[in-house]
Structures are given as structure tokens and as C-alpha cells.
Amino acid sequence: MTEPERRTALVTGASAGIGEVFAEHLAARGFDLVLTARRLDALRQVAERLQDEHGVGCRVIPADLGEPESPRRILYELARDEVDVDVLVNNAGYGLPDTLIETEWPTVQAFMEVMAVSWLHFIRLFAPPMLERGWGRIVNVASLAAFAPEPQGSLYSGVKSQMVTTSRGLRRQFLGTGVHCTAVCPGFTHSEFHARLGMPDIASRMPRWMWQSAEQVVDEGWRGCERNRPVVVTGVTNKLIRGLLAVVPTRIAEAMTPKSINDIRTRRAT
Numbered sequence: 004m005t006e007p008e009r010r011t012a013l014v015t016g017a018s019a020g021i022g023e024v025f026a027e028h029l030a031a032r033g034f035d036l037v038l039t040a041r042r043l044d045a046l047r048q049v050a051e052r053l054q055d056e057h058g059v060g061c062r063v064i065p066a067d068l069g070e071p072e073s074p075r076r077i078l079y080e081l082a083r084d085e086v087d088v089d090v091l092v093n094n095a096g097y098g099l100p101d102t103l104i105e106t107e108w109p110t111v112q113a114f115m116e117v118m119a120v121s122w123l124h125f126i127r128l129f130a131p132p133m134l135e136r137g138w139g140r141i142v143n144v145a146s147l148a149a150f151a152p153e154p155q156g157s158l159y160s161g162v163k164s165q166m167v168t169t170s171r172g173l174r175r176q177f178l179g180t181g182v183h184c185t186a187v188c189p190g191f192t193h194s195e196f197h198a199r200l201g202m203p204d205i206a207s208r209m210p211r212w213m214w215q216s217a218e219q220v221v222d223e224g225w226r227g228c229e230r231n232r233p234v235v236v237t238g239v240t241n242k243l244i245r246g247l248l249a250v251v252p253t254r255i256a257e258a259m260t261p262k263s264i265n266d267i268r269t270r271r272a273t
């Protein structure tokens, strides 16, 4: 099979944070980009910067992944212009500030569409052509929360646990095909995530050693995907936490995690 001159990566949630850094990481390696997120102005700024700095093609497709047809609309737009997606980075996501019981049902539905459905839809649409071509990379940005559920974030940790389990299964299904699938599980990462949760000052309330940069997360995550690792927990601290959670009794693991976001808001770094 003839290798394509350029490969193309689709990155969701690419307007900031881990998604933007993933786009930059791939652009630096010569991938053309398809960037999607809700904020068109922010996407355009990212695309223009990466085009200027790396000389790659950048296509911007604004989309709200809370709308069920968004992944298919993106597929149609790319198929119309004969653009093949070789790398899929499922990064789009956010957290809810309140519990399931406190959140209005339409808000829960939109959250689940983005967090539990859209990334599966993208894989269903773009993985078959990857398998036909004999090469592909799928990166699903999960979270350390997949292994440490807490009451207030039960929806978030639940969907991230689903992402990890599904990624493991897909990776096994794809063995020998040239298509890799990896779940990347960061812990506390410097990004917009916590500000959107109403916790803009959380970095000053948590120990510095618990934090990673988005660049560190992306570097470890992409290396893990290239090596076809099923799950990549990023950072030494997070690996230790994951290992500890795997061996301690459940009741002790639950006691180690905060009961609510308010617990984190009031916690002081020591």
C-alpha cells in the first residue's frame, strides 16, 4: 500500500487546553489538522498560529458535540473534500458543577451526549476507513477520575471509566491491523477545565506536585499511543495514585477521594 504524502488528524475540543496542545504536538510532526470545538474565534486563532509555525494545513469546523448529528456532519464535510482522517483525538469534554440529583435533566442529557456518546460516534465513523487503509491512531482523553469515583463527580468519573474500558477492548480488537487505540488518563492539568467548573483558583489550593502541564500530558499520551499501550496514566504522581487505588480496599480508596467539589474548594495546599 502506498503511504500518503501527508496524514490528517482530527482533534475535538481543540480550542484550548489539552486539545490545543495535542493539535500543536501533531502539527510539529507534520500532520495536517482538522480542528473542532464550539468557539469559532478561538479555533481560528489556534489554526492560524499552527499554520504559521508549522506549515501544515488546518481546517476549522465549529461544532457542538451536544448535538447528536455533529460527528456525522463533520464526516460529510470531510468526505465531500476527500479528506481521510488518520488520527482521531477524542478530547472534547467538561465537568458539571453539581451532582446528578441537583442538575436539570436537559443539562444531564447534553453532558452525556458529549461525554458518553459523541466520541463513540466519531470512532464508529472514522475507525472503519482506518482499518481499510491499515493505519490509524485513536487517542481517547479520559481521566484519573476513571479509577477514583467521587460522589459529586459520579457522572464524570463514570463516563471516563467507560472510555477506559472501551478503549481497552478496541485496542485488543484492532491488534495486528495497524490501528492503535489508547485511553490517556491525566490528573490535575493546567487548562481551562477547572475555571469552567467555577474553580479558577484551584491551582493555589492544591499541592504543586499534583499538577501537570498539558504539554506533559500530550507528550506521554502520544508516545503511549504510538507504542499501542491500552491505557496511559500520565505523570509519576498519578501513576502512584492509580497503583495505590488498584490495591487498597474500596472503602479506603473512597475515603482518599474528596466527597464533593466544595471539599477541594476549601482545601489548602500544604
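Mapping of the sequence shown onto the working numbering: residues 4 to 273, in sequence order. Built from N, CA and C at the ideal position, the CB exists for glycine as well. These numbers were taken from a predicted model, which means no experiment stands behind them.
Could you tell me the boundaries of the beta strand (DSSP E) in which residue i lies?
i	result
residue 44	It is not in any beta strand (DSSP E) - residue 44 instead sits in the alpha helix (DSSP H) that spans 43 to 57.
residue 91	90 to 93
residue 185	182 to 188
residue 143	139 to 144
residue 232	Taken as a continuous stretch (DSSP letters only), residue 232 belongs to no beta strand (DSSP E), as it is neither H nor E.
residue 117	First-last for residue 117: undefined, no H or E at that position.
residue 63	61 to 63
Under DSSP, the alpha helix (DSSP H) around residue i begins and ends at which residues?
i	result
residue 30	20 to 30
residue 251	Premise fails: residue 251 is in no alpha helix (DSSP H) and is neither H nor E.
residue 82	73 to 83
In whole angstroms, give me the CA-to-CA distance for residue i and residue j.
i	j	result
residue 226	residue 86	25 Å
residue 135	residue 106	42 Å
residue 161	residue 9	37 Å
residue 197	residue 155	Note that residue 197 has pLDDT 45, beneath the 50 cutoff, so the model's placement of it is unreliable and no number is given.
residue 139	residue 252	38 Å
residue 206	residue 217	Its pLDDT being 47, under 50, residue 206 is placed unreliably by the model, and nothing is read from it.
residue 272	residue 72	Note that residue 272 has pLDDT 36, beneath the 50 cutoff, so the model's placement of it is unreliable and the number below is only indicative. The straight-line gap from Cα to Cα measures roughly 43 Å.
residue 98	residue 121	15 Å
residue 235	residue 170	11 Å
residue 42	residue 158	24 Å
residue 40	residue 240	30 Å
residue 112	residue 95	16 Å
residue 92	residue 145	11 Å
residue 37	residue 163	24 Å
residue 15	residue 167	18 Å
residue 137	residue 180	6 Å
Based on the DSSP secondary-structure assignment, which residues constitute the bridge partners of residue i?
i	result
residue 11	35
residue 177	BP columns for residue 177 are empty, so no partner.
residue 192	215
Cα-Cα, which of the options is closest to residue i?
i	options	result
residue 244	147, 43, 229	147
residue 100	110, 91, 149, 223	110
residue 63	24, 13, 28, 72	13
residue 49	22, 220, 118, 124	22
residue 60	131, 129, 34	34
residue 25	241, 180, 179, 143	143
residue 58	126, 32, 75	32
residue 238	215, 43, 169	215
residue 176	113, 131, 11	131
residue 246	150, 173, 229, 163	150
residue 18	47, 223, 29	47
residue 182	188, 230, 168	230
residue 83	75, 45, 258	75
residue 189	220, 137, 163	220
residue 127	44, 27, 77	77
residue 152	37, 258, 52	258
residue 185	224, 129, 124, 179	224
residue 233	179, 173, 103	173
residue 129	29, 11, 55	11
Which parts of the region 150 to 177 are runs of the beta strand (DSSP E), unbroken and 3 residues or longer, counting only runs that do not cross its ends?
-> Counting whole runs of 3 or more residues, the region 150 to 177 contains no beta strand (DSSP E) stretch at all.
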